[in-house]
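Protein chains in written order, with our numbering: chain R, 1 to 138; chain Y, 1001 to 1138; chain H, 2001 to 2138; chain C, 3001 to 3138.
Here it is, written out as structure tokens:
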């Protein structure tokens, strides 16, 4: 399952090297996975309103080329497989010249908002992913 | 009542002009007023744990000179008068050469965390301010 | 001259109160004025590439209501009058329920990138603003 | 070679989950490695003023426990071995209860500011690291 999101680089996201600060890609990844879920009819906000949190438990990024101010980036987000307790996303960031900016991975875990303990992905979440998958396959 | 806080400019806080991004001073002001309160024996965290929030309802800044990467800034924070429902702070930011970087003001309002309605400053908060004041005067 | 920009609130922009952190509106304002200029055929990036910087010299914000995670904000940006050395923008931020979130103002100054001294707005900048104005009026 | 830096969590760095936003640790790591270098008599600013940039080419983080508002974090930074073209740092973040918050790694590359091509670490940089090492050993 793959989804594309476009993000325009803000001035505030550049640093004095003239590049997007290396830490800000975590925010871009967050926007990318949120928009991927929204495209499947799932909003992360609804998930939280239903008492489920999705904190990130690991992230890695390999930086290939700098992004600069006003670049219109495309983030290609891939959901590897169906989530159980954890959910994994891979991100590839490209600029408007189709140059690869970086590649990243995040793993998130479903957590009960009250107990703050891990739990299974909610059934409607899994159903939405599966329905989408079958739509694509048909 | 005046308090001084030192903040080192982080690389992430610069922009491609080489200056501290103009929006980041709001964070510096937040650190400055938090440390002023801490110096009076009041922690903003305790206030929130006691069910009181302090959102900002107005801010203004006049930018005089840019701050740059690795500057060691001094923020001189002034609490204008005893708070009732609102509390006002003034900030003067200087760099290590004692150049004035900017001057800002913020007004915050005491809010009940449950009802999200304005309320009076808690008595222990006012007492701490007054005790500190009288200590200074004596 | 009025322009509207839409911005989706990112998770990273919320704080533990559940609100958009008060300092982040400076970034939203930056996006709003950049997109206003782009709609007139002017890119702020081109301006910098031509050797002209536009640092902010004053900002003020009155916060009316909190914005929360995933809100789709509309920022109504107004350019008060033709710029000479300074340029002034006013911003009104609304959420998707058309509630007023806040009102802000920024003043920016045209600066020569080499000398870092104030200078007049470049002629093509003023022309673009005027051409746009007359198009609207006709 | 190990160095410890303390960082107080700012309100702006929390998110609506009440945790430090997962992307902000990149900033903490930057502060930690900068202060480690400063303790060796090396400032990253001086390095840039000498025409050398140090962009990050990879980062990974494993998140173990959340940090929350007002936590006083200790970042233990380890410089693995002498840099040649790349320099690697490992970070362990602890809160004031000595709970492990996360573990991260970054690799940075020495780059010529003009050509933006990789280059060797400058000799005075390597000398400072070595002198410090021998001082510790003696």
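In this text, a Cβ means the ideal position worked out from N, Cα and C, and glycines have one as well.
**Asked** From residue 3099 of chain C to residue 30 of chain R, what distance separates their C-alpha atoms?
**Response** Your numbering for residue 3099 of chain C matches position 99 in the fourth chain. Your numbering for residue 30 of chain R matches position 30 in the first chain. One C-alpha to the other measures close to 26 Å.
**Request:** Provide the residue span of the alpha helix (DSSP H) that contains residue 1050 of chain Y, from first to last.
**Result:** As a first step, residue 1050 of chain Y must be located in the second chain, where it is residue number 50. It is not in any alpha helix (DSSP H) - residue 1050 of chain Y carries neither H nor E in the DSSP assignment.
**Message:** Helix, strand or coil for residue 2043 of chain H? Go by DSSP, reduced to three states.
**Reply:** Numbered from 1 along the third chain, position 43 holds the residue referred to as residue 2043 of chain H. Reduced to three states, the DSSP call for residue 2043 of chain H is coil.
**Request:** Please list the residues of the region 3048-3063 of chain C that have a C-beta atom closer than 7 Å to any C-beta atom in chain R, keeping them in chain order.
**Result:** 3053, 3055, 3056, 3057, 3058, 3059, 3060, 3061, 3062 and 3063
**Request:** Using 10 angstroms around the beta-carbon of residue 3002 of chain C, count the other beta-carbons present and answer buried if the total reaches 16, otherwise exposed.
**Result:** Locating residue 3002 of chain C in the fourth chain gives position 2, counting from the first residue. Burial call: exposed.
**Prompt:** How would you call residue 3116 of chain C, buried or exposed, if buried means at least 16 neighbouring beta carbons within 10 angstroms?
**Reply:** Here residue 3116 of chain C refers to the residue found at position 116 when the fourth chain is read from its first residue. The residue in question, residue 3116 of chain C, is exposed, as its Cβ has fewer than 16 Cβ neighbours within 10 Å.
**Message:** So if I threshold CB-CB distances at 7 Å, which residues from the region 1-14 of chain R count as touching chain H?
**Reply:** 10, 11 and 12
**Request:** Give the straight-line distance between the Cα atoms of residue 2032 of chain H and residue 2091 of chain H, rounded to the nearest whole angstrom.
**Result:** Here residue 2032 of chain H is taken as the residue at index 32 of the third chain, counted from 1. Here residue 2091 of chain H is taken as the residue at index 91 of the third chain, counted from 1. Answer to the nearest angstrom: the Cα atoms are 8 Å apart.
**Item:** Terminal residues of the beta strand (DSSP E) in which residue 1100 of chain Y lies
**Value:** For the purposes of this step, residue 1100 of chain Y is taken as residue 100 along the second chain, with counting starting at 1. Here the beta strand (DSSP E) through residue 1100 of chain Y covers 1100-1109.
**Item:** From R/56, R/52, R/69 and R/118, residue whose alpha carbon lies closest to that of residue 89 of chain R
**Value:** To locate residue 89 of chain R, count along the first chain from 1; it is residue 89. Measuring from the Cα of residue 89 of chain R, the nearest candidate turns out to be R/56.
**Request:** Could you work out which residues of chain C lie near residue 2069 of chain H, taking near to mean beta carbons separated by less than 9 Å?
**Result:** Numbered from 1 along the third chain, position 69 holds the residue referred to as residue 2069 of chain H. The contacting residues are 3015 and 3016.
**Asked** When you compare only the Cα positions, how much space is there between residue 3019 of chain C and residue 86 of chain R?
**Response** Here residue 3019 of chain C refers to the residue found at position 19 when the fourth chain is read from its first residue. Here residue 86 of chain R refers to the residue found at position 86 when the first chain is read from its first residue. For residue 3019 of chain C and residue 86 of chain R, the distance between alpha carbons rounds to 19 Å.
**Asked** Would you say residue 3026 of chain C reaches chain Y, if we count a Cβ-Cβ gap shorter than 9 Å as a contact?
**Response** In the fourth chain, residue 3026 of chain C corresponds to position 26, counting from 1. Yes, its Cβ sits closer than 9 Å to a Cβ of chain Y.
**Message:** Within a Cβ cutoff of 7 Å, which residues of the same chain sit near residue 1120 of chain Y, ignoring the five residues on either side of it in sequence?
**Reply:** Within the second chain, residue 1120 of chain Y is the residue found at index 120, counting from 1. If we look at residue 1120 of chain Y and ignore the five residues flanking it on each side, its Cβ neighbours are 1084, 1085 and 1110.
**Asked** Would DSSP call residue 2069 of chain H helix, strand or coil?
**Response** As a position in the third chain, residue 2069 of chain H is number 69, starting the count at 1. DSSP places residue 2069 of chain H in coil when its eight states are reduced to three.
**Request:** Can you have a look at residue 41 of chain R and say buried or exposed, based on whether 16 or more other CB atoms are within 10 angstroms of its CB?
**Result:** Indexing the first chain from 1 puts residue 41 of chain R at position 41. With fewer than 16 Cβ atoms within 10 Å of its Cβ, residue 41 of chain R is classed as exposed.
**Message:** Can you tell me where the beta strand (DSSP E) holding residue 1059 of chain Y begins and where it ends?
**Reply:** Along the second chain, one-based indexing puts residue 1059 of chain Y at 59. First-last of the beta strand (DSSP E) with residue 1059 of chain Y: 1056-1063.
**Request:** Report the neighbours of residue 1023 of chain Y on chain R: residues whose CB is nearer than 8 Å to its CB, in chain order.
**Result:** In the second chain, counting from the first residue as 1, residue 1023 of chain Y sits at position 23. Those within 8 Å of residue 1023 of chain Y in chain R are 12.
**Item:** Same chain, Cβ closer than 7 Å to residue 1118 of chain Y, five either side skipped, listed in chain order
**Value:** Sequence index remark: in the second chain, residue 1118 of chain Y carries index 118 (1-based). Closer than 7 Å at the Cβ level, and outside the excluded window around residue 1118 of chain Y, lie 1085, 1109, 1110 and 1111.
**Message:** Does residue 1019 of chain Y come out as helix, strand or coil in the three-state DSSP assignment?
**Reply:** To locate residue 1019 of chain Y, count along the second chain from 1; it is residue 19. Here residue 1019 of chain Y sits in strand by DSSP.
**Message:** Considering Cα atoms alone, identify which of H/2124, H/2096, H/2122 and H/2075 is closest to residue 2026 of chain H.
**Reply:** Taking the first residue of the third chain as 1, we reach residue 2026 of chain H at position 26. Selected option, being the one with the closest Cα: H/2075.
**Message:** Using C-beta distances below 7 Å, list every residue in its chain close to residue 65 of chain R, excluding the 5 sequence neighbours before and after it, in chain order.
**Reply:** In the first chain, residue 65 of chain R corresponds to position 65, counting from 1. If we look at residue 65 of chain R and ignore the five residues flanking it on each side, its Cβ neighbours are 99, 100 and 101.
**Request:** Keeping to the same chain, check which residues put their C-beta closer than 8 Å to that of residue 1005 of chain Y; ignore five residues upstream and five downstream.
**Result:** As a working mapping, residue 1005 of chain Y is identified with position 5 in the second chain. Within the same chain, residue 1005 of chain Y has close Cβ partners 1031, 1032, 1035, 1036, 1074, 1075 and 1077.
**Request:** Using a Cβ-Cβ cut-off of less than 7 Å, list which residues of the region 1089-1117 of chain Y approach chain C; keep chain order.
**Result:** none
**Message:** Looking only at its chain, what residues have a beta carbon closer than 8 Å to the beta carbon of residue 3014 of chain C, apart from the 5 residues adjacent to it on each side?
**Reply:** As a first step, residue 3014 of chain C is located in the fourth chain; it is residue number 14 there, counting from the start. Excluding positions up to five away in sequence, the list reads 3020, 3021, 3068 and 3069.
**Prompt:** In chain R, which residues lie less than 7 Å from residue 2031 of chain H when you measure between Cβ atoms?
**Reply:** What you label residue 2031 of chain H is simply residue 31 of the third chain in a count that begins at 1. Those are 10, listed as they occur along chain R.
**Proximity below 9 Å, CB of residue 2061 of chain H to CB of residue 1059 of chain Y** = Residue mapping note: residue 2061 of chain H aligns to position 61 of the third chain, counting from 1. Residue mapping note: residue 1059 of chain Y aligns to position 59 of the second chain, counting from 1. Yes, these two residues count as a Cβ contact at 9 Å.
**Asked** Taking buried to mean at least 16 other C-beta atoms within 10 Å of its own C-beta, is residue 2130 of chain H buried or exposed?
**Response** Numbered from its first residue, the third chain carries residue 2130 of chain H at position 130. It is exposed - the Cβ of residue 2130 of chain H has fewer than 16 other Cβ atoms within 10 Å.
**Asked** Under three-state DSSP, which class holds residue 119 of chain R?
**Response** As a working note, residue 119 of chain R is residue 119 in the first chain. The answer is coil: DSSP assigns residue 119 of chain R none of H, G, I, E or B.
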